[in-house]
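Peer 1:
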Amino acid sequence: MAIATTTPGKNLLSPKDHILIMIDFQSQMAFATKSIDAVTLRNNAALVSHAAAGFGVSTILTTVARESFSGPMFAEISEAFPSHAVLDRTSMNTWEDPAVVEAINRIGKPRIVLAGLWTSVCIVGPAMSALDQGFEVHVIADACGDVSEEAHERAMQRMIQAGARPMTALQYLLELQRDWARSDTYELTTGIAKRFGGAYGLGITYAKTMFGAQEGH
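Count along the sequence shown starting at 1, add 53, and that's the number in our numbering.
1. Could you tell me the alpha carbon to alpha carbon distance between residue 261 and residue 100, rounded to whole angstroms?
2. For residue 58 and residue 120, I'd like the C-alpha separation in whole angstroms.
3. Under three-state DSSP, which class holds residue 79?
4. Per DSSP, residue 189 is paired with what?
5. Only counting the same chain, and skipping five residues up and downstream in sequence, which positions put a Cβ closer than 6 Å to that of residue 76?
6. Taking the alpha-carbon of residue 130 as reference, which of 189, 249, 243 has the nearest alpha-carbon?
7. Would you say residue 78 and residue 98 are within 9 Å of each other, going by their C-beta atoms?
8. Let me know if residue 65 comes out buried or exposed under the rule of 16 or more other beta-carbons within 10 Å of its beta-carbon.
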């Protein structure tokens, strides 16, 4: 018979057990992205970035042809990681870039979380490669985008069928926090949610302003 305990499920993410890889959040890639509104995409990328930076998640930032074609990484991401090196590539598949793979091996964690543009190329490539090499892969679906809804959805299905695990940007933030009684990151989490969490963030602002509400009590 199964016995319930307060032990969290082993499939849940924690700040120290994974590498977040933010891929090709660049103007040229965003221009052709049609599966998600550009404002929503930028907002979700910012939410993920600030969550990772705030919780101390090992993070790799990478671009493709940054100087010659695709442009700089979104300012919302650079703002969260002001002193972070950005690895520029020529390969569409991040996993085929020696500098990125060197960084992954140096960090040495078995879980990979991916977000970026485009889903069907620059996310599918590293997801399928990482899965093939024994890594556990999570994809933040609403912090990814593609040239059409069809392209994005088929890419997500392909990765899920191969074993990748989908999640959302807000889910990522709240999974890192997971307990409102964790007072050391409470203000961080609610602050990110208020700034980037859409209607949920507005609700937090309202509750705190009108009633002095606090989730940990």
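We put the beta carbon where it would ideally sit given N, CA and C, even for glycine. Treat the numbers as computed from the prediction; the structure is a model and nothing was measured.
Peer 2: Straight from the coordinates:
1. Within the sequence shown, residue 261 is the residue found at index 208, counting from 1. Within the sequence shown, residue 100 is the residue found at index 47, counting from 1. Their Cα atoms are separated by approximately 20 Å.
2. One-based indexing of the sequence shown puts residue 58 at position 5. One-based indexing of the sequence shown puts residue 120 at position 67. The alpha-carbon atoms of residue 58 and residue 120 are separated by roughly 52 Å.
3. Sequence index remark: in the sequence shown, residue 79 carries index 26 (1-based). Strand, per DSSP.
4. Your numbering for residue 189 matches position 136 in the sequence shown. Looking at the DSSP assignment, residue 189 forms a beta bridge with 164.
5. As a working note, residue 76 is residue 23 in the sequence shown. Cβ within range, chain order: 115, 147, 169, 175.
6. Taking the first residue of the sequence shown as 1, we reach residue 130 at position 77. Among 189, 249, 243, the Cα nearest to that of residue 130 is on 249.
7. Taking the sequence shown and counting its residues from 1, one reaches residue 78 at position 25. Taking the sequence shown and counting its residues from 1, one reaches residue 98 at position 45. Against a cut-off of 9 Å, the Cβ pair of residue 98 and residue 78 comes out as a contact.
8. Reading the sequence shown from its first residue, position 12 is the one you call residue 65. Per the 10 Å Cβ criterion, exposed.
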